[in-house]
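Numbering (mature numbering (1 follows the signal peptide of the UniProt record, and there is no 0)), first residue to last: -19 to -1, 1 to 269. What follows is a single structure, written as structure tokens, with notes after it.
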């Protein structure tokens, strides 16, 4: 009888011990990764923001420039504001202006901000956001140049920034290529004007305004505003999600007043280029 009781006790004790070991093994397996190392499970719902890689050339104040080692300007603030509205982070890459579209096409960056005119040739290879600024070209020259308008440029040497629409406009309107001097950036072209290296500058009106407002110069803007055109944010054709976010964010800041504040902060309140509605790129594209 005693042997039977002892046997029963050992049987129950063994079952309990086996269950305890099994529970311990399961707990251990849940707290280790495939290599057996302990790791903490990710917190549910914790997600990182989308990072949008933005290419820019900081040589075009007041839209983009570098101040004390930091990017600044209308375009820089614009894409940041859009990112805040749409929940994405911005990571900037700096490059030469004429390298921006190739970098976008190759996938080196997702987006380009650079006071880019919405043109047919560009739209063939990249997408554009809705327009965010209405611009045009103006002539900057010295008071004694004898230049009062575009018709006076025929026999003059005109400085421009390489890769901009100024070149196309002049060639299409009868200016010989030999009379056009192209510079890597507009700052160098302005210096050439001051030093007598060129007779005039044909460039985006906002930049010419900024130059005469911020520099000690006698240069002046003459003639009419030429080639009305619109700026858009360029986006890689494969990034449809980003295109939608940029357009949505732009519409939001136009409505909540943040867009208008950029004109006060970066353009001295100059509202000639202000856009208060949705303007699709296909409605304002120019044939260049």
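All C-beta atoms in this analysis are idealised placements derived from N, C-alpha and C, irrespective of residue type, glycine included.
Short of 7 Å from the beta carbon of residue 268, and not among the five residues preceding or following it, lie these beta carbons of its own chain, in chain order: 101. In this chain, the alpha helix (DSSP H) harbouring residue 103 covers 101 to 104. In the DSSP secondary-structure assignment, residue 161 is bridged to 139. The continuous alpha helix (DSSP H) containing residue 244 extends over residues 239 to 247. With fewer than 16 neighbouring CB atoms inside 10 Å of its own CB, residue 252 falls in the exposed class.
By alpha-carbon distance to residue 254, the top candidate from 53, 58, 209 is 209.
For secondary structure counted as the beta strand (DSSP E) over 3 or more consecutive residues, the stretch 70 to 118 holds these complete runs in sequence order: 92 to 98.
Taking all protein chains shown into account, residue 48 has fewer than 16 neighbouring C-beta atoms within 10 Å of its C-beta and is therefore exposed. Residue 159 counts as exposed, since fewer than 16 other C-beta atoms from the protein chains shown sit within 10 angstroms of its C-beta. Excluding its 5 nearest sequence neighbours in each direction, residue 173 has C-beta neighbours in its own chain below 6 Å: 140, 179, listed in chain order. Secondary-structure assignment with DSSP links residue 215 through a beta bridge to 93, 109. At a cut-off of 4 residues, the continuous stretches assigned as alpha helix (DSSP H) that sit fully inside the stretch 174 to 207 are 186 to 195. Only buried fits residue 71, as 16 or more other CB atoms lie within 10 angstroms of its CB.
Fewer than three Cβ pairs drawn from the stretch 146 to 166 and the stretch 190 to 204 lie within less than 8 Å of each other, which leaves the two stretches out of contact. Excluding sequence positions up to five before and after residue 138, its CB lies within less than 7 Å of the CB of 160, 162, 179, 180, all in the same chain and listed in chain order.
At a Cβ-Cβ threshold of 8 Å, residue 130 and residue 33 do not count as neighbours. Residue pairing by DSSP puts residue 52 in a beta bridge opposite 47. Boundaries of the alpha helix (DSSP H) around residue 152: 146 to 153. Counting every other CB atom within 10 Å of its CB across the protein chains shown gives residue 242 a total below 16, marking it as exposed. Comparing C-alpha distances from residue 36 to each of 84, 46, 63 shows the shortest one belongs to 84. Of all C-beta pairs linking the stretch 213 to 231 to the stretch 107 to 123, three or more are shorter than 8 Å, placing the two stretches in contact. Looking from the CA of residue 118, the closest CA among 78, 94, 146 belongs to 146. Annotation for residue 33: the continuous beta strand (DSSP E) segment containing it runs 31 to 37. Between residue 54 and residue 43, the C-beta spacing is below 8 Å.
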